[in-house]
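If you're matching positions, the sequence shown starts at 11 in our numbering and goes up one per residue. First the structure, in the form of structure tokens, and then the observations on it.
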Amino acid sequence: MGPMMRVEEDYYLSPPWLIPMLRGNYFVPCSIHARSNKTECNMFCLDCTSNAFCSYCLVNHKNHRVLQIRKSSYHNVVRVNEIQKYIDISCVQTYIINSARILFLNERPQPRIGKGVTNTCEICCRSLLDSYRFCSLGCKLGGLRRGSQSLTFSLKGKYGREYQGGLDSGEATTPTKIRKKCAFNRLMSGLSISTVKSDYFSGDQRSTSSGSESGFNLSPGTPPIYNHRNSSRRKGVPHRAPF
11 MGPMMRVEED YYLSPPWLIP MLRGNYFVPC SIHARSNKTE CNMFCLDCTS
61 NAFCSYCLVN HKNHRVLQIR KSSYHNVVRV NEIQKYIDIS CVQTYIINSA
111 RILFLNERPQ PRIGKGVTNT CEICCRSLLD SYRFCSLGCK LGGLRRGSQS
161 LTFSLKGKYG REYQGGLDSG EATTPTKIRK KCAFNRLMSG LSISTVKSDY
211 FSGDQRSTSS GSESGFNLSP GTPPIYNHRN SSRRKGVPHR APF
């Protein structure tokens with residue numbers, strides 16, 4: 011498979027920011043803030059998908075989706091409560107480091123499998139718990155490339171619709187914008203329902219009045235009131251006045 015075909019395939023298998031994040035060069039000094047303290051590049055923007063940056067550069071990514079990359083056992087990790095907002099991390103084993111649940115970004119090959127190991131990563135053969143299939147996000151991506159139909163990085167929305175990176179349509183946004191958008195949609199839905207009801211009742215009144223005026227009313231008319239007592243009365247013989 012050629013490089014172009016691989017890039018096109020990865021575009022449909024994963025969010026556009028996942029592979030740049032996995033390949034990022036982290037924990038190197040920031041070239042912009044080299045004279046400041048603690049300028050290691052441990053931030054990655056999911057919207058820009060550019061190089062990693064330091065905490066001082068964070069002001070240039072206002073309202074962007076940003077993840078902080080951490081290090082554990084000389085490997086890059088990310089916290090579960092941060093990344094699970096944007097992708098499905100099922101089948102990837104998580105670990106608890108410093109009271110925080112994390113997962114690894116890339117594969118960690120294990121040269122020798124210990125005795126009694128019953129489950130290993132499908133890509134790099136690292137020993138895992140029985141309920142997991144991969145040791146990292148990179149290994150899960152490798153499983154998707156192999157054609158596993160049960161794997162996905164897409165999250166499920168409230169109504170079962172799939173969306174990438176916390177989105178229904180793929181546009182870049184933040185969790186705050188998502189909540190505002192949902193509230194706006196509910197408001198517009200309520201306005202549309204009330205408008206339909208108003209048009210329905212006013213339409214009935216207009217149709218009734220217009221039907222009577224145009225003469226197309228199909229209901230039978232009310233017959234005129236006929237007074238039978240007046241119809242049976244006859245005039246008496248006129249009498250002349252006496253002289």
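C-beta atoms are modelled at their ideal positions from N, C-alpha and C, and glycine is treated no differently. Keep in mind that this is a model prediction, so the values were computed, not measured.
| Query | Result |
| --- | --- |
| Residue of V90, N86, H43 minimising C-alpha distance to R33 | N86 |
| Limits of the beta strand (DSSP E) - the one that N86 falls within | 85-89 |
| Distance, N116 Cα to P30 Cα | 12 angstroms |
| The stretch 145-153 touching the stretch 104-121, judged by at least three CB pairs closer than 8 angstroms | yes |
| Where I93 falls, given that 16 or more other Cβ within 10 Å makes a residue buried | buried |
| Cβ contact (3+ pairs, closer than 8 angstroms) linking the stretch 34-45 and the stretch 65-85 | yes |
| At least three beta-carbon pairs within less than 8 angstroms, the stretch 53-63 to the stretch 123-130 | no |
| Cβ-based burial, S24 [other Cβ within 10 Å; buried from 16] | buried |
| Inter-residue CB distance, V90 and T104 (contact presumed, cutoff 8 angstroms) | 5 angstroms |
| Beta bridge counterpart(s) of V102 as assigned by DSSP | F144 |
| Three-state class that DSSP yields for C149 in the structure shown | helix |
| Environment of E181 [buried if 16+ CB atoms lie within 10 Å] | Annotation note: pLDDT 42 at E181 (below 50); position unreliable, no value reported. |
| C40 in three-state terms, based on DSSP | coil |
| CA nearest to the CA of V102, picked from A62, D57, I133 | I133 |
| Reduced DSSP secondary structure (H/G/I, E/B, other) of L32 | helix |
| CB-CB length for R111 against Y96, believed under 8 angstroms | R111 to Y96, Cβ: 16 angstroms. No contact. |
| Neighbour-count burial assignment, G157, 16 or more Cβ in a 10 Å radius | exposed |
| CB of F114 within 8 angstroms of CB of L28, strictly | no |
| Cβ shell of P26 (< 7 angstroms), same chain only, five flanking positions each side left out | T59 |
| F63 burial status per 10 Å Cβ neighbour count (16 or more: buried) | buried |
| The beta strand (DSSP E) enclosing V76, as first and last residue numbers | 76-78 |
| Exposure label - I106; buried when at least 16 CB within 10 Å | exposed |
| Assigned exposure category for K166 - 16 Cβ within 10 Å defines buried | exposed |
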